[in-house]
Ligand code: AHR
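Numbering (the numbering used here), first residue to last: 51 to 374.
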């Protein structure tokens, strides 16, 4: 008579467990398995292709490492992120990762996390708090450097002369603030001027709507350059520019940040002139930091990704290997 496999497995398991019980505590066999980490991740939103790649990186790496990931997506609203963090605290997670929507308003909930002895790791976007010890560390890109790299490229390729329309990211967010300020600082003392700035909220349709409004306000010849705080808005702006009968990349210089495969491909076909990378594939580096923090090891307060610059000189060679 056949024994059903469903019965066989528990019997074997119990047998093995009983055999194990007979061993003395110091008998050396396999090392004790590391405790599974439970991490709460308060993601900022799902606004574009960059964010989708960022979320996918966290989810895939959690699976690879056996991390129990509690994921919450805030739809670009800080109040949703704060609720998510409170819920992670109530669930006694081992650590909380936040990709903050905006820079301010974080003290109260971070104090709650500290009182509950749950470390907070900032990913992607930084915050402004009086007490920096409210979070363990920051891991992400250097937005100030990105804005400066774009500006340096523009200065070099325009001879330091031109009128710029700026597509801003989400108001109050670290990338919008840093990319605006560092770019504006870097063009000081040149004949480059930002003549108008409007927010497209880091979204493709936002970039298109803002560019359409700019094209009603300014005619061809009134401006020379579009500086977009991210690729999705740049791609939206390109659609608006083409619909207005102009040639992006030729009639108007287009410069942007993120390094989406689609944007690097747009450089190859001449519609974007320069893109500075902002790498969203952060799961591995952020979890490395989380694991160290939870284990009580020292981590740098600020860790920045190395980000590249793409233009007509290297885009063709780079496009095939872009992972997002
Ligand atoms: O915080 C990173 C920025 O946020 C990326 O540049 C952008 O695409 C995203 O929305």
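Cβ coordinates follow ideal geometry from the N, Cα and C atoms, glycine included. Note that the coordinates shown come from a computational prediction; the quantities given were computed from them, not determined experimentally.
CA-to-CA distance, residue j to residue i, given in whole angstroms
i	j	result
residue 336	residue 267	43 Å
residue 320	residue 172	36 Å
residue 200	residue 85	44 Å
residue 150	residue 322	29 Å
residue 188	residue 212	36 Å
residue 92	residue 105	10 Å
residue 327	residue 107	16 Å
residue 299	residue 289	12 Å
residue 364	residue 307	16 Å
residue 179	residue 292	43 Å
residue 77	residue 144	The predicted position of residue 77 is uncertain, since its pLDDT is 41 and thus under 50; no value can be drawn from it.
residue 230	residue 130	26 Å
residue 206	residue 156	39 Å
residue 262	residue 249	13 Å
residue 126	residue 147	16 Å
residue 69	residue 87	The predicted model places residue 69 with a pLDDT of 35, which falls under 50 and marks its position as unreliable, so this point remains unresolved.
residue 294	residue 301	12 Å
residue 240	residue 183	39 Å
residue 109	residue 244	39 Å
residue 343	residue 128	25 Å
residue 279	residue 332	19 Å
residue 214	residue 186	38 Å
residue 352	residue 238	28 Å
Residue i in three-state terms, based on DSSP
i	result
residue 92	strand
residue 243	strand
residue 188	strand
residue 170	strand
residue 139	helix
residue 252	coil
residue 282	helix
residue 123	strand
residue 288	helix
residue 308	strand
residue 74	Confidence in residue 74 is poor, its pLDDT being 37 and thus under 50, which makes the residue's placement unreliable; the coordinate value appears in the next sentence. Looking at residue 74 - three-state DSSP - the assignment turns out to be coil, as it is neither helix nor strand.
residue 98	coil
residue 67	Because the pLDDT of residue 67 is 35, which lies under 50, any placement of that residue in the model is unreliable, and the number read from its coordinates should be weighed accordingly. Correct three-state label for residue 67: helix.
residue 197	helix
DSSP beta-bridge partners of residue i
i	result
residue 302	298
residue 360	325
residue 274	In DSSP, residue 274 forms no bridge with anything.
residue 380	The structure shown does not extend to residue 380, since the chain spans only 51 to 374, so no value can be given for it.
residue 354	190
residue 211	241
residue 145	89
residue 231	In DSSP, residue 231 forms no bridge with anything.
residue 118	88
Rounded distance between the beta-carbons of residue j and residue i, thought under 8 Å
i	j	result
residue 204	residue 305	6 Å
residue 287	residue 309	Not really, about 17 Å apart at Cβ, beyond 8 Å.
residue 95	residue 113	Actually they are not in contact, since the Cβ atoms of residue 95 and residue 113 sit about 22 Å apart, beyond 8 Å.
residue 372	residue 311	4 Å
residue 260	residue 296	Rounded, the Cβ-Cβ distance is 15 Å, inconsistent with contact.
residue 374	residue 191	Their Cβ separation, rounded to whole angstroms, is 13 Å, which puts residue 374 and residue 191 out of contact at 8 Å.
residue 132	residue 166	Not really, about 15 Å apart at Cβ, beyond 8 Å.
residue 270	residue 232	The pair is not a contact, with the Cβ atoms about 29 Å apart (cut-off 8 Å).
residue 349	residue 339	5 Å
residue 162	residue 136	7 Å
residue 330	residue 134	Rounded, the Cβ-Cβ distance is 20 Å, inconsistent with contact.
residue 236	residue 202	6 Å
residue 152	residue 223	5 Å
residue 225	residue 175	6 Å
residue 282	residue 98	4 Å
Any non-hydrogen atom of ligand 1 closer than 7 Å to residue i Cβ
i	result
residue 156	no
residue 328	yes
residue 150	no
residue 307	yes
residue 356	no
residue 254	no
residue 123	no
residue 98	yes
residue 164	no
residue 225	yes
residue 130	no
residue 101	yes
residue 175	yes
residue 282	yes
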